[in-house]
Each structure stands twice: as C-alpha cells, then as structure tokens.
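For the sequence shown, the positions run 1 to 62 when UniProt numbering is used. Just so it is clear, CB atoms sit at the ideal spot from N, CA and C, and this is done for glycine as well.
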Amino acid sequence: MEANQTPAPQDDPMPQPPAPPEPGDCCHSGCAFCVEDLYQDALERYRAALKAWRGRHPAAPA
1 MEANQTPAPQ
11 DDPMPQPPAP
21 PEPGDCCHSG
31 CAFCVEDLYQ
41 DALERYRAAL
51 KAWRGRHPAA
61 PA
C-alpha cells in the first residue's frame, strides 16, 4: 500500500466496544480498580479509537 492511500477496511477493522461487566462483577467494596471504572476507561478508549477510525473511513456506515 502506498503512503498516501487509506487502509482498506479489512486491513483496518472497525474497533469493537468493550464488553460491559456482568451484574455481579462489582463487589461494591470500593476497590481501587473497580470493574466499573475499568469498563468506563475502556469505553473512553473505544470511543476515541472509533472516532479515529471513522476519520480514516468516512464512507463507512455509521
């Protein structure tokens, strides 16, 4: 692929959202790294990756 070409979608797949924690995954004891917090962090990274991906693939379906 040449430097000025956008990668084909199969070479640059759309990011997939993180799986949400199961209802019983959080123990509600105030853990420093709660599964809910980790999920929110992963969701923010996913949204940023998706925004960047859409910038590279403007014709892709929303």
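Contact defined as beta carbons within less than 8 Å: I believe residue i pairs with residue j. What is the distance between those atoms, to the nearest angstrom?
i: L50; j: P15; result: 5 Å
i: R56; j: D12; result: 6 Å
Could you pull out every residue in the same chain whose Cβ sits closer than 7 Å to the Cβ of residue i, ignoring the five residues on either side in sequence?
i: P21; result: V35, E36 and Y39
Smallest Cα separation from residue i: which of the options?
i: residue 63; options: C26, R47 and H57; result: This structure does not reach residue 63, given that the chain is present from 1 up to 62, and the question cannot be answered.
Go ahead and pull the three-state DSSP assignment for residue i.
i: E22; result: coil
i: D41; result: helix
i: G55; result: helix
i: A62; result: coil
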